[in-house]
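Reading through the structure tokens given below for one structure.
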Amino acid sequence: MRIPDFKLERYFARWEFAAPYLLCSSDIEGWRMADLLALAGPDEQARWEGLTLGYTESTGLPALREELAALYPGLSPDQVLTFAGAEEALFVLVNVLLGPGDHAIVTWPGYQSLHEVARATGADVTLLRLREEDGWALDLDALRRELKPQTRLLVVNFPHNPTGALLERATFDALCELARERGIHLLSDEVYRLLEHDSRDTLPPAASHTPHGISLGVMSKAFGLAGLRVGWLACRDTALLRRCAAYKDYTTICNSAPSEVLSLIALRAKERVLARSRALLAENLALLDAFFARHPDTFHWVRPRAGSVAFPRLLRETPVARFTEDLREREGVLLLPGDVYDFPGNHFRLGLGRTNLPDALARLERYVADTSR
1 MRIPDFKLER YFARWEFAAP YLLCSSDIEG WRMADLLALA GPDEQARWEG LTLGYTESTG
61 LPALREELAA LYPGLSPDQV LTFAGAEEAL FVLVNVLLGP GDHAIVTWPG YQSLHEVARA
121 TGADVTLLRL REEDGWALDL DALRRELKPQ TRLLVVNFPH NPTGALLERA TFDALCELAR
181 ERGIHLLSDE VYRLLEHDSR DTLPPAASHT PHGISLGVMS KAFGLAGLRV GWLACRDTAL
241 LRRCAAYKDY TTICNSAPSE VLSLIALRAK ERVLARSRAL LAENLALLDA FFARHPDTFH
301 WVRPRAGSVA FPRLLRETPV ARFTEDLRER EGVLLLPGDV YDFPGNHFRL GLGRTNLPDA
361 LARLERYVAD TSR
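Here it is in structure tokens:
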């Protein structure tokens with residue numbers, strides 16, 4: 001396999017732990033270990049205290065898979081397979097499903113591995129562009145025009161990274177029906193699901209909604225536990241999951257034992273865990289609404305409907321990469337230029353999920369004022 005550098009991850013490898021203020025992180029502020037352990041019930045506490053650091057079951061801790069399956073109405077634990085993060089889950093699934101001669105359609109802009117891993121299998125990939133002028137909505141007619149006889153996979157990511165867009169229910173239903181009619185697998189990257197800014201907008205998981213749906217999940221985003229590196233695939237096709245499990249024997253084989261127990265604690269206390277995430281997002285989103293209202297001549301803001309990221313556009317003639325570099329050097333604030341997505345338009349990714357957002361935003365505002373003179 002030959003695959004290009006992952007531009008976003010290379011950018012974070014250089015700056016994530018060097019810049020004092022991360023204003024572009026995609027995850028929720030991580031839990032402190034002591035605070036998470038305080039949520040443990042008697043069973044989880046006993047599991048933690050008696051844990052031995054040996055190999056774990058390759059498909060995932062049974063109790064963990066049971067809790068994960070509960071997130072998907074109608075699915076059972078044997079229809080969930082765990083991985084060392086969503087990245088591994090995606091890598092394994094796409095390599096199992098695609099190869100030379102196949103075709104995939106992937107929404108764009110998006111996380112690079114959603115399309116680049118498919119290309120690396122030898123498959124043909126069509127990037128389906130989401131447009132700011134449409135509120136970053138999915139254009140089903142445009143998708144239908146890109147379908148080919150050899151199309152094997154549709155890849156969508158809603159709530160969307162980096163825009164924070166969310167499908168309307170009618171569009172989601174039509175997308176699932178299209179996949180069913182054509183017999184195409186629908187990979188739904190749902191790592192930001194349950195972070196809808198209005199809970200009434202929450203969509204069903206694809207794995208529950210259509211026999212052709214495959215839901216991708218992770219503990220990193222909604223649950224604020226990126227350091228655990230626990231992700232999963234959920235789908236009704238147990239034969240496909242068995243193929244993925246066999247492929248996983250060549251990658252991580254199994255999950256980290258401590259990470260599985262800590263994930264179990266979070267899932268069994270999910271209402272409290274998610275309430276923390278949602279409260280933080282609501283507070284930060286209110287600050288951002290006010291910030292962009294004060295600077296309509298500098299930024300264009302399509303308000304995100306879900307998730308912990310947004311994709312504003314810089315209205316200055318300054319290239320966004322130069323703007324973000326100068327901001328980082330002068331104020332220590334890290335933004336993610338849209339160049340890492342190879343996406344035009346002077347956009348940048350903004351993260352909503354960190355507790356120090358008020359301080360970072362104040363520094364951004366000072367920079368905007370200083371450079372407007």
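Reading the sequence shown from the start, the letters are residues 1 to 373 in UniProt numbering.
Ideal Cβ placement from N, Cα and C applies to all residues, glycine included.
Remember, it's a predicted structure, so these values are computed and weren't measured experimentally.
Short of 6 Å in beta carbon distance, which residues of its chain neighbour residue i, apart from the five on each side in sequence? Order them along the chain.
i	result
L357	N284
L241	L81
L314	V320, F323, N346
If we count the other Cβ atoms within 10 Å of its Cβ and call it buried at 16 or more, is residue i buried or exposed?
i	result
S199	exposed
T324	buried
R47	buried
I3	exposed
D289	exposed
R272	exposed
M219	buried
residue 380	Limits of the chain in this structure are 1 at one end and 373 at the other, which puts residue 380 out of reach.
L327	buried
Y250	exposed
K148	exposed
So, for residue i: in the same chain, excluding its five sequence neighbours on each side, which residues have a beta-carbon less than 8 Å away from its beta-carbon?
i	result
H115	A104, V106, W108, V125, L127, V155
P312	F292, F299, H300, W301, V302, H347, F348, L350
V96	L240, R243, C244, Y247
Determine, using beta carbons only, whether residue i and residue j come nearer to each other than 8 Å.
i	j	result
L195	I214	no
L98	T82	no
R180	A207	no
L143	L167	no
Q112	L8	yes
G332	E132	no
F223	L203	no
I184	H212	yes
S256	R229	yes
Pop quiz: residue i and residue j are said to be a contact at Cβ under 8 Å. What is the actual Cβ separation, rounded to whole angstroms?
i	j	result
V94	A69	The Cβ separation is near 23 Å, so there is no contact.
L281	S308	6 Å
A310	G164	5 Å
E260	G60	7 Å
N161	G110	7 Å
H209	C176	5 Å
E66	R268	Going by Cβ atoms, the distance from E66 to R268 rounds to 10 Å, so no, they are not a contact pair.
With a CB to CB cut of under 7 Å and the five nearest residues on each side skipped, what residues in its chain are close to residue i?
i	result
D78	T238
G351	L22, L23, C24, S25, S26, S308, V309
A89	F83, L216, G231, W232, L233
V368	H295, T298
residue 374	With the chain covering 1 to 373 only, the question about residue 374 has no answer from this structure.
A40	W48, I265
Contiguous beta strand (DSSP E) assignments of at least 3 residues, all confined to the region 183-244:
185-189, 213-218, 231-235
Write down every uninterrupted run of the alpha helix (DSSP H) in the region 83-131 whose length is 4 residues or greater and which is fully enclosed by it, in chain order.
86-97, 113-120
4 or more residues per run - each alpha helix (DSSP H) lying fully within the region 31-80
33-37, 42-49, 62-69
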